[in-house]
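Below is one structure, written out as structure tokens, with a few remarks after it.
2 protein chains.
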Amino acid sequence: MAKKQEFVKEITKMEDDFPQWYTDVIMKTDMVDYSPVKGFMVIKPYGYAIWENIQSFLDRRFKETGHQNCYFPLLIPESLLNKEKEHVEGFAPEVAWVTHGGSEKLAERLCVRPTSETIICSMYSKWLTSYRELPYLYNQWCSVVRWEKSTRPFLRTSEFLWQEGHTLHETAEEAQAETLQMLSIYKEMAEDLLAIPMVDGRKSDRERFAGAESTYTIEALMHDGKALQSGTSHNLAQHFTKAFDITFQGRSGELEYPHHTSWGVSTRLIGGIIMVHGDNRGLVLPPRVAPIQVVIIPIAQNKEGVLDKAYEIKKELEAKGIRVKLDDDTNYSPGWKFNQYEMKGVPLRLEIGPRDIEQNIAMIARRDDLSKESYSLDNLGESISALLDTVHNDMLRRATEYRDEKTFTFKDYEEFKVKMKESPGFAKGMWCGEEECEAKVKDETGVTIRCIPFNQENLGDTCHFCQKPAKHMIYAAKAY
Amino acid sequence: MAKKQEFVKEITKMEDDFPQWYTDVIMKTDMVDYSPVKGFMVIKPYGYAIWENIQSFLDRRFKETGHQNCYFPLLIPESLLNKEKEHVEGFAPEVAWVTHGGSEKLAERLCVRPTSETIICSMYSKWLTSYRELPYLYNQWCSVVRWEKSTRPFLRTSEFLWQEGHTLHETAEEAQAETLQMLSIYKEMAEDLLAIPMVDGRKSDRERFAGAESTYTIEALMHDGKALQSGTSHNLAQHFTKAFDITFQGRSGELEYPHHTSWGVSTRLIGGIIMVHGDNRGLVLPPRVAPIQVVIIPIAQNKEGVLDKAYEIKKELEAKGIRVKLDDDTNYSPGWKFNQYEMKGVPLRLEIGPRDIEQNIAMIARRDDLSKESYSLDNLGESISALLDTVHNDMLRRATEYRDEKTFTFKDYEEFKVKMKESPGFAKGMWCGEEECEAKVKDETGVTIRCIPFNQENLGDTCHFCQKPAKHMIYAAKAY
Ligand SMILES: [Zn+2]
Ligand SMILES: [Zn+2]
């Protein structure tokens with residue numbers, strides 16, 4: 004037991020220093036590492052496998068909704084980036100510039116893509132001719148670079164992995180429907196795969212994507228009461244299609260500009276998983292996204308029949324599509340392994356020893372609530388499949404309860420400031436809709452309006468910050 | 004019929020101008036497009052879906068052989084690139100340099116990765132401590148940039164997509180076994196997925212990877228008699244591990260340098276598929292890698308029951324895991340559609356009309372040999388699954404026969420030069436092993452030694468180029 008305490012002590016307690024807890028967890032569980040290039044991270048296999056599971060879920064849903072993958076160049080000529088005014092103002096300060104190819108200086112600087120609207124629109128402009136070809140429903144999986152001054156692995160790094168969808172539509176209505184459909188797929192992914200409840204809504208003008216008509220977002224609440232913007236979907240209207248002269252012959256025979264959307268989620272989601280579900284023992288991974296769903300630890304594995312049985316169970320679970328690891332390393336004790344996989348957040352630990360085999364049972368320990376129960380070896384695959392679903396549902400329920408506890412309604416700016424200091428979380432209130440009011444709140448408190456939720460409640464007639472007439476109910480929070 | 008001829012005429016004949024045929028095929032089938040950045044291509048959905056199928060095959064095989072995916076930074080500091088002497092000499096002339104981040108000039112230039120040995124070794128040096136942690140079996144899927152003066156889509160572009168495996172091993176024997184294992188997985192993929200026969204062997208010193216001890220390769224013969232290097236696997240020995248000071252505590256307690264491999268294939272393979280299997284009507288896609296395996300074209304689709312039956316067949320085939328498209332567009336005639344999907348190389352076309360339904364049959368046309376036969380609608384899924392395998396096997400057999408026809412043994416340099424001019428292909432002969440001899444042949448004829456094949460034959464005692472004592476049997480060819 005002494006060893007266990009020591010082991011767990013390696014991770015700083017959340018309550019003592021949340022940022023340090025986060026760093027301890029990602030480093031000690033081998034998810035990620037700092038690279039020799041400041042602000043760039045290495046995603047190690049245990050972190051990358053989570054991304055692969057997110058990719059697999061989303062890629063399936065994108066294809067089911069008619070999207071196809073493609074690939075556009077990494078480098079974008081400066082002149083293209085400059086074509087949409089708001090866009091270049093938003094991104095130029097944070098791009099990496101390529102100035103030389105081999106030993107030659109380039110005639111025009113190229114930026115490493117911070118996002119691909121401009122290069123993609125330049126191609127769409129070349130391709131599109133008729134309404135018959137619409138909609139364009141394309142997506143790409145790639146990395147993007149945005150030069151950041153202060154970075155944290157997964158949450159904010161100068162390079163990250165993501166997907167970016169870019170679609171064109173004949174009508175404004177179709178573009179709006181696509182924008183909302185993709186946001187709802189993100190929300191479904193967050194809840195069904197990551198067990199993270201999301202608030203969905205629209206960004207204020209101040210917070211929207213550079214060049215968008217409207218940006219929609221899903222926002223999650225982390226354990227420390229800060230919000231994480233977890234996915235965005237933009238209705239770009241005709242801002243880019245006009246700037247890039249993308250036209251098509253419409254049904255009436257006239258040339259028209261198509262309506263445009265883009266949407267993306269990134270490896271930042273992995274940071275969200277850690278900060279929503281993790282605890283002082285380390286990671287707690289939602290089962291559907293966990294690289295290892297069940298770790299089998301044989302007890303007294305030198306005893307006859309133990310390893311055979313352990314391998315038999317592994318095979319049975321794998322046949323059910325469960326991701327299993329059997330750790331039969333003889334260099335470490337079962338106790339050391341328990342701690343190790345607990346820290347790594349493996350949802351279920353299955354212990355099997357000589358006495359269990361005699362009784363035709365296995366002990367199964369849940370990572371999420373630390374409970375332990377014995378299960379019959381008969382139909383173990385089915386019991387464990389069901390248990391993984393139970394763990395998922397319990398984790399989503401607990402995360403939702405926690406978020407709701409941390410969500411408060413404020414009546415005025417003073418109450419807001421006090422509550423945000425004492426017990427930060429989602430603040431619900433009415434807002435006048437004015438950028439000036441929003442900017443003042445941010446300057447004075449560091450809190451931003453996270454979104455104007457789809458699910459509007461009428462909490463009063465005046466802005467809870469400035470007392471002008473209210474326009475929207477909003478969620479505000481400090482954010483990553 | 005007039006329309007059909009016109010349609011096919013759009014593609015230049017192979018015999019008239021092979022490079023133009025290639026360009027016509029990739030452009031007219033919507034696989035790829037040129038981008039606004041010289042030498043950079045856009046991979047469109049029909050080309051990208053082929054890459055996804057290659058990825059899916061390889062990713063499964065990599066994981067089955069114990070490899071894990073991860074992700075290393077896109078940008079590499081100049082000082083890291085400089086650490087291995089041969090490597091920097093090989094790559095520095097063709098890298099893109101990032102000199103500014105946002106508005107700030109960087110203290111040190113960063114290159115966009117041309118390959119990742121250096122950045123990965125800098126991390127391995129930080130991570131590795133003991134022999135117990137070995138082997139490291141890591142892979143990443145990403146894009147790389149190599150500044151090229153003259154480019155052709157898929158074959159040679161300034162950016163391309165690939166995977167790069169990077170492994171560390173305790174012993175030289177294990178590294179060599181890994182190097183050969185990965186080459187054999189590439190060969191398996193080429194033959195079982197792409198229906199392309201490969202010659203496997205070792206590169207000459209002149210042709211090996213910059214920094215490698217030995218490079219192994221798979222080489223395919225294109226329809227015009229030129230070779231395509233299709234995948235390489237490098238035994239890097241301790242060249243990089245010493246340069247990057249990667250050490251581990253060995254079994255004896257002493258510090259040792261691990262043995263190192265790297266291996267990769269890229270989107271260049273798609274160029275190989277086109278140039279091995281294509282014909283004057285356009286693409287001919289091997290069924291296992293084809294984005295669409297069967298296209299269903301309803302005949303007289305306005306007649307009652309035709310579309311219902313067509314959808315029923317689609318569903319049945321999809322349930323068998325077959326990739327199906329049903330084209331029920333009423334803007335185009337069946338004849339137009341036949342030409343379209345023929346050009347796009349869809350392996351099987353299924354026609355279903357009122358008379359077929361009456362007779363409980365469907366007509367199926369094979370793209371590879373243009374034969375047409377009727378099949379009973381009973382157990383159609385099974386018939387078509389079997390037929391797809393037949394098509395694959397026939398394509399691989401024909402490509403092998405063609406390659407063998409184009410492979411000749413030469414007795415001396417004069418005969419070699421004449422044959423290479425009259426009927427280029429793989430030239431088999433003996434070689435002295437001297438770099439000078441190899442360089443002379445390349446300078447005078449443009450032909451390179453493609454590999455020293457594993458399957459050695461003794462064709463004489465003297466070098467067939469220069470008459471010095473022979474060391475190896477080699478394959479030589481002009482190459483892409
Ligand atoms: Zn206000
Ligand atoms: Zn010679």
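As you go down the protein sequences, you meet chains E and Z in turn.
The numbering used here puts the first residue of the first sequence at 4, with every later residue one more than the last.
The numbering used here puts the first residue of the second sequence at 4, with every later residue one more than the last.
Where a beta carbon is used, it is the ideal one built from N, C-alpha and C, also for glycine.
Quantities reported herein were computed from a predicted structural model and do not represent experimental measurements.
How would you label residue i, buried or exposed, when you count the other beta carbons within 10 angstroms and need 16 or more for buried?
i              : result
E425 (chain Z) : exposed
Y335 (chain Z) : exposed
W54 (chain E)  : buried
N56 (chain Z)  : buried
Q470 (chain Z) : exposed
F457 (chain E) : exposed
L373 (chain Z) : exposed
Q8 (chain Z)   : Here the model assigns Q8 (chain Z) a pLDDT of 42, short of 50, so the residue's position is not dependable, and the following value carries that caveat. So Q8 (chain Z) ends up on the exposed side.
E447 (chain E) : exposed
W339 (chain E) : exposed
G449 (chain E) : exposed
S1 (chain Z)   : The structure shown does not extend to residue 1 (chain Z), since chain Z is modelled only from 4 to 483, so the question has no answer here.
Q459 (chain Z) : exposed
With which residues is residue i paired in a DSSP beta bridge?
i              : result
G285 (chain E) : E:D282
K375 (chain E) : E:A368
L145 (chain Z) : Note on identity: in this sequence residue 145 (chain Z) is Cys, with Leu being the wrong assignment. Note: C145 (chain Z) sits in a beta bridge opposite Z:W165.
Q179 (chain Z) : DSSP output for Q179 (chain Z) lists no bridge partner at all.
Y74 (chain Z)  : E:I46
Short check: CB of residue i to CB of residue j, under 7 Å?
i              : j              : result
G267 (chain E) : T154 (chain E) : no
A215 (chain E) : M201 (chain E) : no
A95 (chain Z)  : V115 (chain Z) : no
F75 (chain Z)  : I29 (chain Z)  : no
K420 (chain E) : F411 (chain E) : no
D248 (chain Z) : S128 (chain Z) : yes
P290 (chain Z) : L196 (chain Z) : no
L137 (chain E) : E176 (chain E) : no
P301 (chain E) : P80 (chain Z)  : no
K47 (chain Z)  : D62 (chain Z)  : no
N203 (chain Z) : I221 (chain Z) : It is Asp, not Asn, that sits at residue 203 (chain Z) in the sequence shown. Contact flag set, yes.
A230 (chain Z) : E87 (chain Z)  : no
S207 (chain E) : E441 (chain E) : yes
G384 (chain E) : K323 (chain E) : yes
Y134 (chain Z) : G253 (chain Z) : yes
G285 (chain E) : L158 (chain E) : no
I360 (chain E) : S377 (chain E) : no
K317 (chain E) : V327 (chain E) : yes
F413 (chain E) : A402 (chain E) : no
P156 (chain Z) : V35 (chain Z)  : yes
W150 (chain Z) : E97 (chain Z)  : yes
S265 (chain E) : H242 (chain E) : no
When the cut-off is 7 Å and only beta carbons count, does residue i lie next to chain Z?
i              : result
I249 (chain E) : no
E91 (chain E)  : Per the sequence shown, residue 91 (chain E) should be read as Val rather than Glu. Output row for V91 (chain E): interface = no.
L272 (chain E) : no
M126 (chain E) : yes
P39 (chain E)  : yes
R149 (chain E) : no
Does chain E have any CB closer than 7 Å to the CB of residue i?
i              : result
I29 (chain Z)  : no
L78 (chain Z)  : yes
Q71 (chain Z)  : yes
P427 (chain Z) : no
E97 (chain Z)  : yes
H103 (chain Z) : yes
W339 (chain Z) : no
Roughly how far, in whole angstroms, is the beta-carbon of residue i from the beta-carbon of residue j, given that I think they are within contact range, below 8 Å?
i              : j              : result
A193 (chain E) : S233 (chain E) : 6 Å
H467 (chain Z) : G432 (chain Z) : 4 Å
L131 (chain E) : L171 (chain E) : 7 Å
A479 (chain E) : I452 (chain E) : 5 Å
Does chain C have any CB closer than 7 Å to the CB of residue i?
i             : result
P48 (chain Z) : Protein chains in the displayed structure are E and Z, and chain C is not among them.
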